[in-house]
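Number of protein chains: 2
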Amino acid sequence: MARIRDVAREAGVSVGTVSMVLNHADYGSPAIRQKVESAVEKLQYVPSEMARNLSLKRTMTVGIIVPTVSHPFFAELVGDLEEALYHLGYKTMLCCTRQKENAEHVFLEMLQRQNMDGIIMGAHSLDTAIYQGVKQPIIAFDRYLSPDIPIVHTNHVLGGEMAAQAFLQHDCHHIVEISGSQMVKTPAGEYHQAFNKVMQAHGVRTDVVALPWNSFGFKESMELAERIFDEFPDVDGILGSDVSVSSCLQLAVRRGIKVPEQLKLVAYDGTYITQNGILKLTAVRQPIAELAEIAAKKIVSLINGSQDDSPWVLPPTVLKGETC
Amino acid sequence: MARIRDVAREAGVSVGTVSMVLNHADYGSPAIRQKVESAVEKLQYVPSEMARNLSLKRTMTVGIIVPTVSHPFFAELVGDLEEALYHLGYKTMLCCTRQKENAEHVFLEMLQRQNMDGIIMGAHSLDTAIYQGVKQPIIAFDRYLSPDIPIVHTNHVLGGEMAAQAFLQHDCHHIVEISGSQMVKTPAGEYHQAFNKVMQAHGVRTDVVALPWNSFGFKESMELAERIFDEFPDVDGILGSDVSVSSCLQLAVRRGIKVPEQLKLVAYDGTYITQNGILKLTAVRQPIAELAEIAAKKIVSLINGSQDDSPWVLPPTVLKGETC
DNA sequence: GTGAAAGCGCTAACAC
DNA sequence: GTGTTAGCGCTTTCAC
Chain A
19 MARIRDVARE AGVSVGTVSM VLNHADYGSP AIRQKVESAV EKLQYVPSEM
69 ARNLSLKRTM TVGIIVPTVS HPFFAELVGD LEEALYHLGY KTMLCCTRQK
119 ENAEHVFLEM LQRQNMDGII MGAHSLDTAI YQGVKQPIIA FDRYLSPDIP
169 IVHTNHVLGG EMAAQAFLQH DCHHIVEISG SQMVKTPAGE YHQAFNKVMQ
219 AHGVRTDVVA LPWNSFGFKE SMELAERIFD EFPDVDGILG SDVSVSSCLQ
269 LAVRRGIKVP EQLKLVAYDG TYITQNGILK LTAVRQPIAE LAEIAAKKIV
319 SLINGSQDDS PWVLPPTVLK GETC
Chain Z
19 MARIRDVARE AGVSVGTVSM VLNHADYGSP AIRQKVESAV EKLQYVPSEM
69 ARNLSLKRTM TVGIIVPTVS HPFFAELVGD LEEALYHLGY KTMLCCTRQK
119 ENAEHVFLEM LQRQNMDGII MGAHSLDTAI YQGVKQPIIA FDRYLSPDIP
169 IVHTNHVLGG EMAAQAFLQH DCHHIVEISG SQMVKTPAGE YHQAFNKVMQ
219 AHGVRTDVVA LPWNSFGFKE SMELAERIFD EFPDVDGILG SDVSVSSCLQ
269 LAVRRGIKVP EQLKLVAYDG TYITQNGILK LTAVRQPIAE LAEIAAKKIV
319 SLINGSQDDS PWVLPPTVLK GETC
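See below:
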């Protein structure tokens with residue numbers, strides 16, 4: 019591999035000149051620039067990013083921490099984040115915490131080792147204490163980590179109310195809510211509160227069942243669906259994430275429960291899996307792409323100390339489907 | 019940030035000693051090790067990965083190039099690759115090519131700039147010429163890139179035959195196959211050939227319709243589904259990727275076509291979207307997790323010049339569903 | 001077993 | 001405007 023000094027020798031100039039010509043479009047006389055460029059061409063010179071990183075003390079890389087990427091919500095999120103970061107000139111380090119011993123610590127240490135310039139944290143954390151002392155830039159995506167770590171998220175109060183309105187249009191009497199683990203407090207968890215408030219005001223009975231921690235699989239959500247139908251035979255409405263509500267739909271049909279006649283379903287998230295089935299699920303959709311773009315912009319401005327005026331909270335929308 | 023020489027001073031030893039103690043478990047006397055460790059603790063020292071990278075000329079990072087991650091197949095693939103690489107001690111750089119000008123060149127250049135030690139290429143490439151001269155380690159995932167770039171993939175001949183067997187059990191007369199773009203030749207494309215061969219031998223009519231290049235969206239596949247039902251009213255079997263067959267199922271139900279009575283459906287890939295709908299799709303499942311693990315092992319052995327004896331080709335399996 | 005010093009390849013401040 | 005050179009922080013060879 020040719021190094022910068024080989025280029026300098028070939029071009030008959032100094033190393034510093036080559037570096038300046040390569041990194042600053044307005045440096046040097048046309049003649050010099052030409053000489054450098056043809057030397058680069060001739061030697062097939064490609065600068066070493068490791069050396070630049072060390073010299074400039076930055077990597078132009080942002081880490082995205084999520085539980086998993088094989089889940090429609092996080093798949094969309096990660097895809098949108100990667101795209102936004104790319105257009106801002108940043109590379110994406112993918113960090114999945116699920117099914118790994120204590121990956122969260124490992125990834126956080128990567129940040130401290132300056133492997134990446136900042137992180138966007140979208141994974142549930144049981145041990146938020148480890149974020150306290152961290153000096154490097156962090157943006158949380160829909161997660162409470164520490165008082166001084168800013169959060170980008172959907173307006174879940176609005177989301178809960180939207181879900182409530184959907185059910186209220188159809189005269190339901192007993193709604194079961196599927197929540198994530200109660201072990202972690204997340205902004206997303208708050209839509210249940212808003213939902214319950216509206217439901218109580220209307221005298222509708224609600225029950226909450228919770229998924230195990232860090233559970234995003236189809237097996238777990240199908241098991242939960244069975245539990246719901248067994249424990250609450252009179253349930254006539256279910257609210258939960260896309261995946262859990264999909265499982266409920268599948269099981270309802272299997273058990274001969276008519277949707278939406280006997281059972282109304284509202285999915286919270288509104289990823290593509292709510293749209294590609296035989297019945298389109300009615301859903302409260304989180305503005306994932308927009309949130310991702312904001313999170314990307316904010317982590318970048320945190321990294322280079324600039325200002326970003328994008329809002330921190332965005333409203334969800336309703337996808338009218340066939341299940342409520 | 020404390021540097022290694024601060025630790026050395028604090029511990030009263032030389033920089034070299036600190037480095038050796040930190041990187042080699044069997045170096046130094048217990049007394050020295052103890053001194054170094056408490057200095058590290060006291061100063062909260064974290065080594066700079068950029069400096070190590072430059073010194074060791076490696077990044078312990080592998081790039082994964084895919085068209086997108088918000089598609090169930092690639093979501094699973096990327097998730098499994100990240101996990102496998104993590105357990106091999108490598109970090110994952112996520113590189114998505116879709117909806118970006120010429121991202122493929124950009125990512126390939128990152129490889130040459132030694133931003134990553136190797137790449138696993140899972141994106142369609144229109145310009146395979148750019149891979150010719152590349153010296154760095156590359157493993158292709160189900161893609162033909164260049165004669166000297168090794169490929170990990172499913173045994174698609176077997177896959178095509180399995181799909182054929184599924185239809186043959188049900189006496190179909192006219193099967194439409196949905197293929198990816200004809201512009202790129204991929205191993206996956208070959209399942210159609212194997213499928214056609216069997217079908218011809220049994221005198222079953224087949225037609226092929228193709229998706230546009232790099233099209234993985236639900237809109238495109240729904241449009242294609244409409245075209246199929248319009249152009250081929252007598253179709254009684256459809257074979258295609260999970261997403262495209264899902265769209266066909268949705269549209270069939272909407273048009274009052276009974277599945278599986280009047281129309282048999284077989285999905286090729288077998289990702290979770292074939293399993294979470296009201297009707298489970300009969301599918302030929304690619305062994306994504308196993309292939310991912312193999313690809314990860316192989317790129318790592320390519321990077322450090324070791325040997326890997328895993329097979330290059332793995333057989334698919336049939337997921338018996340309710341649509342064929 | 002331990003310390004000094006020469007890189008790794010690039011950037012940019014500072015002389016000329 | 002151009003060249004020289006001192007870092008960036010770490011690893012490791014080579015004397016002691």
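As you go down the protein sequences, you meet chains A and Z in turn.
By the working numbering, the letter at position 197 of the first sequence is numbered 215, and the numbering carries on one by one without gaps.
By the working numbering, the letter at position 170 of the second sequence is numbered 188, and the numbering carries on one by one without gaps.
Just so it is clear, CB atoms sit at the ideal spot from N, CA and C, and this is done for glycine as well.
Counted within 10 angstroms of its Cβ, other Cβ atoms place residue i as buried (16 or more) or exposed
i	result
M201 (chain A)	exposed
Q304 (chain A)	buried
A43 (chain A)	exposed
Y45 (chain Z)	exposed
L230 (chain Z)	In the sequence under discussion, the amino acid at residue 230 (chain Z) is Pro, which differs from the Leu named in the question. Counting Cβ neighbours within 10 Å, P230 (chain Z) comes out exposed, since fewer than 16 surround it.
E100 (chain A)	buried
A147 (chain Z)	exposed
L347 (chain A)	Residue coverage of chain A in this structure runs from 19 to 342, which leaves residue 347 (chain A) outside it and unanswerable.
S259 (chain Z)	buried
E377 (chain A)	Because chain A here runs from 19 to 342, residue 377 (chain A) falls outside it and cannot be looked at.
P251 (chain A)	exposed
M19 (chain Z)	exposed
N133 (chain Z)	buried
S265 (chain A)	buried
Identity of the residue in the options nearest residue i by Cα
i	options	result
S328 (chain A)	A:G258, A:A313, A:D135, A:E122	A:A313
I196 (chain Z)	Z:Y286, Z:E67, Z:P168	Z:Y286
S239 (chain Z)	Z:Q268, Z:G178, Z:R272	Z:Q268
T224 (chain A)	A:H191, A:E249, A:S233	A:H191
S92 (chain A)	Z:V87, Z:M134, Z:G288	Residue 92 (chain A) is actually Phe in this sequence, not Ser. That would be Z:V87, whose Cα lies nearest to the Cα of F92 (chain A).
E311 (chain A)	A:V331, A:N322, A:Y209	A:V331
E249 (chain Z)	Z:M78, Z:V227, Z:L283, Z:V263	Z:V227
H105 (chain A)	A:T79, A:N120, A:E127	A:T79
G221 (chain A)	A:D189, A:Y290, A:P205, A:G34	A:D189
L309 (chain Z)	Z:R70, Z:N71, Z:T77, Z:L95	Z:L95
T289 (chain A)	Z:G235, Z:V253, Z:H210, Z:L297	Z:G235
E279 (chain A)	A:C266, A:N322, A:G255	A:G255
R273 (chain Z)	Z:G323, Z:L257, Z:A243, Z:R131	Z:A243
R70 (chain A)	A:N41, A:V124, A:V58, A:K237	A:N41
E67 (chain A)	Z:N322, Z:R131, Z:N173	Z:R131
T77 (chain Z)	Z:N173, Z:I321, Z:K338	Z:I321
L186 (chain Z)	Z:S56, Z:Q62, Z:L257, Z:F159	Z:L257
H123 (chain A)	A:I83, A:N173, A:E241	A:I83
Between the CA atoms of residue j and residue i - distance to the nearest angstrom
i	j	result
K60 (chain Z)	H89 (chain A)	42 Å
S319 (chain A)	K215 (chain Z)	57 Å
I246 (chain Z)	V261 (chain Z)	15 Å
L129 (chain A)	G151 (chain A)	13 Å
V25 (chain Z)	K53 (chain Z)	10 Å
V194 (chain A)	Q218 (chain A)	13 Å
V277 (chain Z)	T300 (chain Z)	11 Å
A49 (chain Z)	N294 (chain Z)	60 Å
E28 (chain A)	S73 (chain A)	24 Å
P155 (chain A)	G136 (chain A)	5 Å
S32 (chain A)	V39 (chain A)	11 Å
I157 (chain Z)	K315 (chain Z)	10 Å
I138 (chain Z)	Y108 (chain A)	20 Å
Q325 (chain A)	G97 (chain A)	25 Å
G207 (chain A)	C342 (chain A)	22 Å
I169 (chain Z)	N232 (chain Z)	20 Å
R182 (chain A)	A141 (chain A)	Correcting the residue identity first, residue 182 (chain A) is Ala in this sequence and not Arg. Each residue's Cα considered, the two are about 27 Å apart.
H171 (chain A)	D166 (chain Z)	46 Å
A270 (chain A)	T110 (chain A)	40 Å
K75 (chain Z)	I291 (chain A)	43 Å
V253 (chain A)	I275 (chain A)	11 Å
V302 (chain A)	P205 (chain A)	15 Å
Whole-angstrom C-beta distance between residue j and residue i, which should lie under 8 Å
i	j	result
G81 (chain Z)	C113 (chain Z)	5 Å
P65 (chain A)	G177 (chain A)	Incorrect: roughly 47 Å between the Cβ atoms, too far for contact.
Y162 (chain A)	K203 (chain A)	6 Å
A212 (chain Z)	V175 (chain Z)	4 Å
E344 (chain A)	K298 (chain A)	Because chain A spans 19 through 342 in this model, residue 344 (chain A) falls outside it and cannot be assessed.
In chain order, each beta strand (DSSP E) run of at least 3 residues that lies wholly inside the region 169-207 of chain A | The region 169-207 of chain A contains these whole beta strand (DSSP E) runs: 169-172, 192-197.
Quick one: complete alpha helix (DSSP H) runs, 4+ long, within the region 244-294 of chain A?
-> As summarised for the region 244-294 of chain A, the continuous alpha helix (DSSP H) elements at least 4 residues long and confined to that stretch are 260-272, given in chain order.
For the region 93-118 of chain Z, which segments carrying the beta strand (DSSP E) assignment without a break, of at least 3 residues, lie completely within its bounds, in sequence order?
-> Here the runs fully enclosed are 109-114.
Of all the alpha helix (DSSP H) runs that stay within the bounds of the region 63-88 of chain Z, which reach a length of 4 or more residues?
-> Secondary structure within the region 63-88 of chain Z: the alpha helix (DSSP H) runs of 4 or more consecutive residues, fully enclosed, are 67-74 (chain order).
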